[in-house]
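Taken in sequence, the protein lines are chains W and B.
Reading the first sequence from the start, the letters are residues 1 to 303 in the working numbering.
Reading the second sequence from the start, the letters are residues 1 to 253 in the working numbering.
The beta-carbon is built from N, C-alpha and C at its ideal position, and this holds for glycine as well.
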Amino acid sequence: MLGILRAKVACRGVPASGLEQGIRVIASRAFSSSAKQMTVRDALNSALDEEMSADPTVFIMGEEVGEYQGAYKITKGLLDKYGPQRVVDTPITEAGFAGIGVGAAYHSLRPVIEFMTFNFSMQAIDHIINSAAKSNYMSAGQISVPIVFRGPNGAAAGVGAQHSQCYAAWFGACPGLKVLAPYSSEDARGLLKAAIRDPDPVVFLENELLYGESFPVSAEVLDSSFCLPIGKAKIEREGKDVTITAFSKMVGYALQAADILAKEGISAEVTETIHLIFYVSVEDIVRAAKRTCYRSVPLAATA
Amino acid sequence: MGRKDGCSKGKGGSMHFYKKEGGFYGGHGIVGAQVPLGIGLAFAQKYSKDENVTFAMYGDGAANQGQLFEALNMAALWDLPAILVCENNHYGMGTAEWRAAKSPAYYKRGDYVPGLKVDGMDALAVKQACKFAKEHALKNGPIILEMDTYRYHGHSMSDPGSTYRTRDEISGIRQERDPIERIRKLILAHDLATEKELKDTEKEIRKEVDEAIAKAKESPLPDPSDLFTNVYVKGFGVESFGADRKELRAVLP
């Protein structure tokens with residue numbers, strides 16, 4: 001079920017320096033014209049579609065996810081395909097519907113709760129943390145909560161402070177939650193599928209500005225069983241002089257920074273801490289930093 | 001009691017026990033949060049076509065919570081089989097209901113959701129009300145039951161219970177409306193059992209409870225390594241360090 005790419009590849013002409021256990025290296029297909037392009041929006045939509053089709057207990061709940069086709073069109077077409085019982089439009093009551101989602105997860109279902117932006121998740125943050133994240137611990141394993149809270153996080157285009165906060169650090173600091181922040185379409189697709197299949201509560205932080213961006217995807221990514229492992233960092237670009245770590249939209253800037261450095265003769269490695277902002281990425285980052293002799297530049301938070 | 005042999009293996013805290021296979025999803029630590037959760041359970045029951053209902057219990061203190069009305073609105077919109085039970089003992093911790101609620105008629109607060117007021121000190125009335133509510137909820141959607149009851153002791157171990165009400169009030173209710181006394185009188189009046197039989201039953205039950213307490217006290221406290229278990233269902237062996245990051249404390253399973 002896990003589609004883990006373990007191929008040794010040459011990335012932009014720099015030979016791969018050997019693979020460490022647990023770090024995934026992506027094949028750069030920038031120069032391959034036969035690779036299909038997919039936007040992050042389509043990647044998320046296809047992931048939701050496939051998971052709902054495979055498991056009848058998966059349902060989507062949120063504001064405007066049904067008839068409006070999704071505030072950002074992520075859930076486009078799903079109401080027509082699966083019906084109003086599985087794609088549920090809610091009133092503007094985050095605390096209420098987040099609690100209802102967690103209750104449904106307590107019972108037997110696998111909800112995907114959409115927050116129009118994560119700024120509104122603060123209205124429901126009690127349910128995310130006290131009702132979802134802590135339940136498995138407090139019941140010593142009796143009550144698990146296989147729920148996904150997803151939505152755009154971080155900066156958008158001039159929407160003001162109340163609509164631009166990044167919640168990665170907030171949720172990443174909570175034990176019991178798994179926090180994911182994908183960058184490319186492949187990440188978005190693989191991680192959302194993994195998040196829906198995961199038995200623990202997952203906070204899935206997307207970025208509104210990334211929705212329209214296209215990335216190349218291979219045939220393996222398009223397969224309906226494609227799934228990425230949760231808990232590993234990813235090397236977007238290999239290098240040997242300095243390591244830059246980032247998550248979500250900042251990975252794009254990190255890659256641009258690496259290009260600029262390359263012109264000055266410095267080979268930068270870009271490690272993407274897309275998985276679990278807080279935990280495992282630390283190990284992988286340290287491993288990556290060791291390879292570039294401890295020179296590390298973290299690009300924290302989204303722009 | 002926080003012991004290892006408890007249903008939450010000592011990790012639930014003093015008020016948290018669960019039994020999922022019995023349909024008991026536990027007491028929630030955040031006042032009012034259990035109502036949306038209960039309505040979520042009802043959502044899952046309707047989704048799975050279970051023909052079952054959910055009883056979401058809360059007190060008069062929680063009855064003013066906003067999330068309760070948010071979830072109730074959705075339950076009514078989607079006709080969920082949810083029964084909201086307000087156990088009105090007239091005091092939210094130390095605050096009397098007339099100081100907390102503009103409208104203490106909690107069964108009417110549902111507005112578009114029907115409500116019933118039940119004498120919570122009469123066990124048979126409660127039974128009939130629950131039966132009616134279940135039939136109603138399965139056919140027509142949510143209903144509110146307000147159980148008029150009373151709390152003799154304080155809110156918690158540290159509350160004497162007499163700083164916000166008179167002792168006469170407490171003893172008065174105990175004399176006039178005590179639920180167990182009422183059942184006892186009914187049983188004796190209808191000759192269903194003799195005084196002695198009832199006394200024997202009481203002795204037996206007290207003995208059972210005492211034994212259970214003794215057994216619970218014998219149970220050990222959980223192992224310190226249990227601090228790190230059950231954080232996730234499917235963990236990744238994350239390492240947890242001590243204060244200076246040199247001492248590896250545990251690996252989260």
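When secondary structure is reduced to three states using DSSP, N64/B falls in the helix class. Cβ-Cβ separation between V270/W and L255/W: approximately 6 Å, consistent with a contact (criterion under 8 Å). Assignment of beta-bridge partners to C174/W by DSSP yields no partner. Using a Cβ-Cβ cut-off of 7 Å, F97/W is close to M74 of chain B, given in chain order. In this structure, DSSP gives A194/W a helical state, which the three-state scheme calls helix. Under the 8 Å criterion on CB atoms, P199/W is classed as interfacial with respect to chain B.
Against chain B, a Cβ distance below 9 Å from M138/W picks out S8, K11, G12, G13, H16, Y18, G26, G29, N230. Taking a C-beta cut-off of 7 Å against chain B, the contacting residues of the region 106-138 of chain W are Y106, H107, S108, L109, D126, H127, N130, S131, N136, Y137, M138, listed in chain order. Under the three-state reduction of DSSP, C166/W is assigned to coil, being neither helix nor strand. Residues of chain B whose Cβ lies closer than 7 Å to the Cβ of Q85/W are, in chain order, Y47.
Shown here, E176/B sits in a helix according to DSSP, grouped into three states. Around the Cβ of F43/B, a 10 Å sphere holds 16 or more other Cβ atoms; the residue is buried.
Identification of chain W residues near E70/B by a Cβ-Cβ cut-off of 7 Å yields T93, A95, G96, ordered along the chain. A contact between stretches requires three or more CB pairs, one per stretch, nearer than 8 Å, and the region 96-103 of chain B fails this requirement with the region 137-153 of chain B.
Of all residues in the region 190-220 of chain B, none is placed with a Cβ closer than 8 Å to any Cβ belonging to chain W. Chain order gives the chain B residues near A104/W as G40, L41, F43, A44, Y47, where near means a beta carbon separation below 8 Å. Listed along chain W are G99, D126, H127, N130, S131, each with a C-beta nearer than 7 Å to that of A33/B.
At least one C-beta of chain B is nearer than 8 Å to the C-beta of Q142/W. At a cut-off of 8 Å between beta carbons, P182/W makes no contact with chain B.
Listed in chain order, the non-local C-beta contacts of G66/W below 6 Å within the same chain comprise L79, V87, D89, local neighbours out to five positions each way being set aside. Annotation: A246/W to Q37/W spans about 23 Å, alpha carbon to alpha carbon.
In the structure shown, the three-state DSSP call for R237/W is strand. F204/W and L180/W have their C-alpha atoms roughly 5 Å apart. Between P146/W and V231/B, the C-beta gap is not smaller than 8 Å, which leaves the two residues out of contact.
Put simply, the CB of V118/B is far from chain W, with every gap to its CB atoms at 8 Å or more. Here V251/W is near E236/W, since their CB atoms are less than 8 Å apart. Annotation: V87/W is outside any alpha helix (DSSP H); the continuous beta strand (DSSP E) that includes it extends over 87-89. A Cβ-Cβ contact shorter than 8 Å links T39/W with S214/W.
For the pair R150/W and E51/W, the Cα-to-Cα distance works out to about 15 Å.
Counting along the chain, the unbroken alpha helix (DSSP H) around G38/B starts and ends at 34-47. Secondary structure at C130/B: helix, using DSSP grouped into helix, strand and coil.
Put simply, the CB of L37/B is near chain W, with a gap under 8 Å to one of its CB atoms. Against chain W, the CB of G66/B has a partner CB under 8 Å away; the residue lies at that interface. In the three-state scheme derived from DSSP, where H, G and I count as helix and E and B as strand, D126/W is classed as helix.
Shown here, R99/B sits in a helix according to DSSP, grouped into three states. Not flagged as an interface residue toward chain W: V113/B, since no C-beta distance is shorter than 8 Å.
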